[in-house]
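Below is one structure, written out as structure tokens; comments come after it.
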Amino acid sequence: MRLARLDLGELWWDIAGLPAAKQRDILLDLVPAIIGKYSDMSSTAAADWYEHVYARHFDDSFTAEVENPNRDEAVRKLIRWKAGVLWNDPDKGRKANPDELLRYLNNLMDREIRNPGRQTIRSNARRDPHKPRYARVPSGRQPCAFCIMLASRGYIYASEDTADFGTSFHGGNCRCEIVPEWGKGSNRIEDYDPDEYLRIYETARRALETGVMPADLKAGLANIAPYREPKREQSFYGPYDPNNVNSIAYLMRHMNPDKVGQGHKLTDPGKRKGGPGEKIRDLKTMTPRATLKEVTHDEVNPLWDMWVKRKLDNGYRPDFSKNPWGINCQRVVQAAELRLRGYDVQAVGNHKSSSDGYYWNIADMWVDKNGNHRKFTRKESNNATIRAMREYPPGSRFFVAGPWKNGSAHIWNAEIIQMPSGWKSVRMYDY
């Protein structure tokens, strides 16, 4: 997928500045070609994998068939439908938003390239005379809590359909693979650890059953949507009930932030009266800025300067390691981005709990309108930043996380700009 995204990123850069109709026509021609190139590789690799694993278990021969139906016309219809965001729409008061189309195309390619590989495995498993069992195997560094719950069961599913239950939960963008197994313990898949997934799930459920959990997590449960049992729709579970899947997923994410991602769309807390989404909207009282260059340190993190000045005025040498307003980079990058968008906020200190009701952990909560995580580099900061610059158009913004030599880390803002020469570059801001 990384190579496909790079191909799309280069194409996007090449067509930048062309009339909207010309951009659309080029995308209609070339995006299906990119998908076709990599979906062929996906289905062929899946067939080779199936034959290889089958041969390890059985003496009889089995020839895997490739499944990769031509979906060029279906893809073109989807692109044509979404390409309307390239134009202004005065009747609806909507401005052109090419970035929205780019995000959509990345998700579309991801799905269209993965599906032939999945279909190849499924169709061959149906033909397989030895009738394997199945497991749901998450992919990616941080699978979502819902997928982890299903994956924790291991190879117990009798069909690919039951193992695949819940993919619609992700709006069609689930990255889990449905993997067959012929004998217990015969498959060893790197990074697939159902025992660890089960531990993550059971720890979260036990916390709900006993009520023993950090105070901030318990307070956060109040914002979790109730859960209605889907089949009969008779059982209704509140946010503190251990049968509430939404609450279990919330605790799984926050108890294991390095292992569990968001992955699916949550109920917008702003739709609930008094929720944090509604509160933050009330703070949009300023004129939005065009770039981060217009946002200053003084407005984003003023309490840092006040703390230092107070120390100096009192005759003390500031100990910056104990400055609650200085070790607050997660709050600072969030405040800078929000001020650019017109929200009158500033960074708070590195406190353990919220005194004003706002949630500060951007690593978990900074998502787009589809529930997907914003661009947020973690490991290999230099390479990740370069990839982001190549993949996204000028004007895009993201966060960069980089480690210090002492083992801790820092986060700052970054913005992709276009140089007078026409080349893209990255401008970084440490407020």
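For the sequence shown, position 222 matches number 240 in our numbering, and the numbering has no gaps at all.
Note that beta-carbon positions come from the ideal geometry of N, C-alpha and C, so glycine has one too.
Note that the structure is predicted; figures quoted are calculated from it, not measured.
Assigned secondary structure, residue i (DSSP; H/G/I helix, E/B strand, else coil)
i: residue 428; result: strand
i: residue 359; result: coil
i: residue 405; result: helix
i: residue 91; result: helix
i: residue 195; result: strand
i: residue 351; result: helix
i: residue 167; result: helix
i: residue 130; result: helix
i: residue 122; result: helix
i: residue 451; result: Since the first and last residues shown for the chain are 19 and 449, residue 451 lies out of range.
i: residue 210; result: coil
i: residue 266; result: helix
i: residue 433; result: strand
i: residue 438; result: coil
i: residue 152; result: strand
i: residue 306; result: coil
i: residue 420; result: strand
i: residue 279; result: strand
i: residue 141; result: helix
i: residue 231; result: coil
i: residue 331; result: helix
i: residue 444; result: strand
i: residue 107; result: strand
i: residue 255; result: strand
i: residue 215; result: helix
i: residue 271; result: helix
Whether residue i touches residue j by CB criterion (7 Å)
i: residue 170; j: residue 215; result: yes
i: residue 163; j: residue 267; result: yes
i: residue 198; j: residue 114; result: no
i: residue 134; j: residue 57; result: yes
i: residue 430; j: residue 446; result: yes
i: residue 257; j: residue 239; result: yes
i: residue 350; j: residue 356; result: no
i: residue 218; j: residue 270; result: yes
i: residue 358; j: residue 313; result: yes
i: residue 360; j: residue 438; result: no
i: residue 63; j: residue 105; result: no
i: residue 131; j: residue 60; result: yes
i: residue 1; j: residue 318; result: Residue 1 lies beyond the stretch modelled for the chain, which goes from 19 to 449, so this question has no answer here.
i: residue 173; j: residue 151; result: yes
i: residue 50; j: residue 78; result: no
i: residue 237; j: residue 231; result: no
i: residue 34; j: residue 138; result: no
i: residue 223; j: residue 275; result: no
i: residue 200; j: residue 75; result: yes
Integer Cβ distance of residue i from residue j, believed to fall under 8 Å
i: residue 155; j: residue 210; result: 5 Å
i: residue 403; j: residue 427; result: The Cβ separation is near 15 Å, so there is no contact.
i: residue 119; j: residue 101; result: 6 Å
i: residue 117; j: residue 414; result: 7 Å
i: residue 45; j: residue 124; result: Not really, about 12 Å apart at Cβ, beyond 8 Å.
i: residue 408; j: residue 24; result: 6 Å
i: residue 243; j: residue 264; result: 5 Å
i: residue 410; j: residue 434; result: 6 Å
i: residue 96; j: residue 48; result: Actually they do not touch by this definition, with Cβ atoms about 15 Å apart.
Per-residue burial, residue i [other beta carbons within 10 Å of its own, 16 or more giving buried]
i: residue 28; result: exposed
i: residue 227; result: exposed
i: residue 262; result: buried
i: residue 161; result: buried
i: residue 42; result: buried
i: residue 323; result: exposed
i: residue 22; result: buried
i: residue 332; result: exposed
i: residue 82; result: buried
i: residue 279; result: buried
i: residue 416; result: buried
i: residue 72; result: buried
i: residue 30; result: buried
i: residue 301; result: exposed
i: residue 246; result: exposed
Residue i: CB within 6 Å of a non-hydrogen atom of the ligand NAP
i: residue 228; result: Summarising the ligand content, the structure contains no ligands, and the ligand NAP is consequently not present.
What alpha helix (DSSP H) runs, 4 residues minimum, are completely inside the segment 34-83?
Segments of the alpha helix (DSSP H) lying fully in the segment 34-83: 38-75.
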